[in-house]
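Q:
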Amino acid sequence: MQFVVSKLSPRERLRKVIEGGIPDCVPVAPDISNMIPAKLTGKPFWQLYLYKDPTIYMAYIDAAKYFDIDSLLDGYAPVFMPNEEDDQWEEMIVYENDDRIVTQRYNLFESTIHKKVWEETVKVYYRSDPPTHRVNPESIGLSKVPVSPRRIHGIKKEAKGSDLLKQVKQKMGEQGYVGVFCGTSALLGNPADIYEYYDNPEKYRILRDEKLQQFTRRFHWFMSLEEKPDFICTGASGTLVFQTPEIFRELGLPIVKHITRLCKEHNIPSHLHSCGPEKELVRICAEETDLTVIDPLEIPPMGDCNLAEIKKLYGKRLVLKGNLHTTDVMLHGTTKDVIEASKRAIDEAAEGGGFILSTGDQCGRDTPYENIHAMVETARTYGRY
């Protein structure tokens with residue numbers, strides 16, 4: 107007797123897992139959000155991040171197809187409501203050499219013909235790395251007020267709003283799911299925020315409530331569209347890096363609870379990414395929210411998650427996505443190391459479904475492509491149900 111082995115598309119495979127079913131094999135979605143897609147284009151990274159040629163999210167979809175991953179595009183495309191577009195600033199080049207381009211923005215509404223009101227920080231675009239934001243210009247030898255700024259020419263025009271969402275979903279096709287950003291798990295994101303929170307906690311409670319209203323409006327706008335997103339992203343990098351669990355409960359959890367409840371009511375999956383320590387965050391989300399998917403479940407020392415333990419405790423409440431080490435295994439490991447780590451993760455978390463094989467955070471720029479291919483191949487073969 108011959109057995110015909112079905113082969114689902116990446117989109118069908120993800121849908122099966124997210125809806126609680128058993129797919130043909132474990133979905134595999136290594137985090138290749140920025141550096142790998144940019145490198146694959148062969149262009150200077152500033153060509154994508156500054157000149158939008160192509161945009162990083164379109165380059166990501168090309169990379170997803172190149173490696174044939176089960177893509178979860180979690181909020182990279184800037185899809186916002188029409189009244190949310192930030193059009194009060196103009197970005198100008200204030201320094202440029204062979205390795206970097208530095209830009210600074212001035213406020214269009216507050217500036218006059220005779221005097222521009224410049225932002226206090228600059229943005230540094232690199233030839234071979236993603237840009238650095240909010241840089242003190244004096245720390246890189248520039249003045250606070252630029253000496254000879256010049257306009258930026260050649261930026262490719264992007265679609266906006268619902269048109270952008272349609273465009274991205276069309277390009278993604280059957281390669282996976284397209285998510286949009288609508289929520290956050292962190293209102294503190296750097297040391298300055300921590301000091302400000304303890305000096306003025308009421309400021310952040312007000313900000314929490316404002317964000318909650320903003321994200322609620324945005325969510326209902328998404329749901330009103332003819333072409334809706336496939337899932338909602340409501341996380342933040344390092345949720346428990348700059349926030350204690352108690353601060354998260356006060357500032358982030360009300361947003362996560364509200365948005366994931368709306369998602370459940372509208373039958374749309376929700377997704378939370380938070381690199382760094384995450385064990386307590388997983389517990390809270392499993393027990394107190396309606397979250398669908400959580401990642402990246404990093405292992406020590408950057409994280410604190412044990413995949414087998416997390417699966418045992420919360421695998422029936424959450425779809426788990428993780429957690430190969432991005433440096434020891436993906437960047438510096440051999441293909442054999444990647445295969446062994448992939449098999450171990452599958453053994454620990456794939457039983458009964460509810461698992462997406464991924465990495466513990468974004469794969470570095472110089473991650474060998476053969477390691478990504480090995481991870482995908484292992485999921486397709488060893489990870490068969």
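Just so you know, this note's numbering puts 452 at position 346 of the sequence shown, and the rest follows in order with no gaps.
Just so it is clear, CB atoms sit at the ideal spot from N, CA and C, and this is done for glycine as well.
What did DSSP end up calling V482 once you bin it into helix, strand or coil?
A: In the three-state scheme derived from DSSP, where H, G and I count as helix and E and B as strand, V482 is classed as helix.
Q: Between the Cα of T473 and those of G466, D443, N429 and T433, spot the shortest distance and give me the residue it belongs to.
A: T433
Q: List, from N- to C-terminal side, the alpha helix (DSSP H) runs of 4 residues or more that fit wholly inside the segment 418-451.
A: Unbroken alpha helix (DSSP H) stretches of 4 residues or longer found wholly inside the segment 418-451: none.
Q: Less than 8 Å separating the beta-carbons of A480 and L463?
A: no
Q: Count the C-beta pairs between the segment 359-374 and the segment 320-336 that are closer than 8 Å, then say yes if the count reaches three, no if not.
A: yes
Q: Can you say whether F287 is buried or exposed, counting buried as having 16 or more other CB atoms within 10 angstroms of its CB?
A: Buried, since its Cβ has 16 or more Cβ neighbours within 10 Å.
Q: Considering only C-alpha positions, which residue in the set G285, G260, V208 and D401 is nearest to K272?
A: For the options G285, G260, V208 and D401, the alpha carbon positioned closest to that of K272 is the one of G285.
Q: Check each candidate in D396, P383 and S115 and name the one with the smallest Cα separation from H372.
A: D396
Q: Could you check the C-alpha separation between M141 and S330 for me, to the nearest Å?
A: 34 Å
Q: Put Y182 into one of helix, strand or coil per three-state DSSP.
A: coil
Q: Classify R490 as helix, strand or coil using the three-state DSSP reduction.
A: strand
Q: What residue from I138, G181, Y303 and Q194 has the CA that sits closest to E492's CA?
A: Residue coverage of the chain in this structure runs from 107 to 491, which leaves residue 492 outside it and unanswerable.
Q: Could you compute how far the alpha carbon of E352 sits from the alpha carbon of A342?
A: 16 Å
Q: Mark H377 as exposed unless 16 or more other C-beta atoms lie within 10 angstroms of its C-beta, in which case mark it buried.
A: buried
Q: How long is the line joining the alpha carbons of N412 and E118, rounded to whole angstroms?
A: 28 Å
Q: I'd like the list of long-range same chain contacts for D205, defined as Cβ closer than 6 Å, with 5 residues on each side in sequence excluded.
A: R233
Q: Taking 8 Å as the cut-off, decide whether the C-beta atoms of V223 and T209 are in contact.
A: no
Q: Determine the burial state of G459: buried for a count of at least 16 other Cβ atoms within 10 Å of its Cβ, exposed for fewer.
A: buried
Q: Who are the near neighbours of V228 in its chain, counting only those whose CB is closer than 7 Å to its CB and skipping five residues on each side?
A: V200, V208, T209, Q210, V241, P243 and L248
Q: Take T238 as the anchor and find which of T290, K427 and Y155 has the nearest alpha-carbon.
A: Y155
Q: Residue range of the beta strand (DSSP E) that R389 falls in?
A: Taken as a continuous stretch (DSSP letters only), R389 belongs to no beta strand (DSSP E), being part of the alpha helix (DSSP H) at K385 to E394.
Q: Could I get the ranges of all uninterrupted beta strand (DSSP E) runs contained in the segment 241-288, with 3 residues as the minimum, in chain order?
A: 282-287
Q: Three or more C-beta pairs closer than 8 Å, one from the segment 433-452 and one from the segment 382-393: is that the case here?
A: no
Q: Could you tell me the alpha carbon to alpha carbon distance between G267 and M187, rounded to whole angstroms?
A: Those two C-alpha atoms are separated by around 6 Å.
Q: If we ignore side chains and look at the alpha-carbon of each, how far apart do G282 and L357 end up?
A: 32 Å
Q: For N412, does the three-state DSSP call read helix, strand or coil?
A: coil
Q: Using a Cβ-Cβ cutoff of less than 7 Å, which residues in the same chain neighbour I405 once the five nearest sequence positions on both sides are dropped?
A: Closer than 7 Å at Cβ, skipping near neighbours: C411, N429, H431 and G466.
Q: Report the residue from G289, M198, R355 and L313 whose alpha carbon sits nearest the alpha carbon of H379.
A: G289
Q: Using three-state DSSP, classify N213 as helix, strand or coil.
A: strand
Q: Where does M187 fall in DSSP's three states?
A: coil
Q: Mind checking whether A165 and L146 have CB atoms under 8 Å apart?
A: yes
Q: According to DSSP, is K334 helix, strand or coil?
A: coil
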